[in-house]
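*Asks:* Below is the structure I would like to discuss, written out as structure tokens.
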Amino acid sequence: MDTTQFLKGKTAIVTGAGRGIGRAIARRLGVAGTHVVVASRTSNEIDDTRLMIERGGGRALAVPC
Numbered sequence: 001m002d003t004t005q006f007l008k009g010k011t012a013i014v015t016g017a018g019r020g021i022g023r024a025i026a027r028r029l030g031v032a033g034t035h036v037v038v039a040s041r042t043s044n045e046i047d048d049t050r051l052m053i054e055r056g057g058g059r060a061l062a063v064p065c
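Residue 32 in our numbering sits at position 32 of the sequence shown, with consecutive numbering throughout.
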């Protein structure tokens, strides 16, 4: 089974999604069709990540924690 098909329509929570590896994982999940909840301590960074996912056609929710 193609991993992309497995992830499509699922929901994932990615912590540390404001930058670095967390951001890269969140963006890749968004491309795969996963609904992504991005969490980080800095709200402006996760807002940027959320916008990147949405501009790529994905769905995302930013949650500062």
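Built from N, CA and C at the ideal position, the CB exists for glycine as well.
Output yes or no for whether 7 Å exceeds the beta carbon distance between Leu29 and Ala12.
*Replies:* Yes. Within cutoff.
*Asks:* Mapping the DSSP letters down to three states, classify Thr15 as helix, strand or coil.
*Replies:* The answer is strand: DSSP assigns Thr15 an E or B state.
*Asks:* Is Thr42 buried or exposed, if buried means 16 or more other CB atoms sit within 10 Å of its CB?
*Replies:* Burial call: exposed.
*Asks:* Taking Arg59 as part of the alpha helix (DSSP H), name the residues at either end of that continuous run.
*Replies:* First-last for Arg59: Arg59 to Pro64, but that is the beta strand (DSSP E), not the alpha helix (DSSP H).
*Asks:* By a C-beta neighbour count over all protein chains shown, 10 Å radius and 16 as the cutoff for buried, is Ile46 buried or exposed?
*Replies:* Buried: at least 16 other Cβ atoms inside 10 Å.
*Asks:* Do Val14 and Ala32 have their C-beta atoms within less than 7 Å of each other?
*Replies:* Taking 7 Å as the Cβ cut-off, Val14 and Ala32 do not qualify as a contacting pair.
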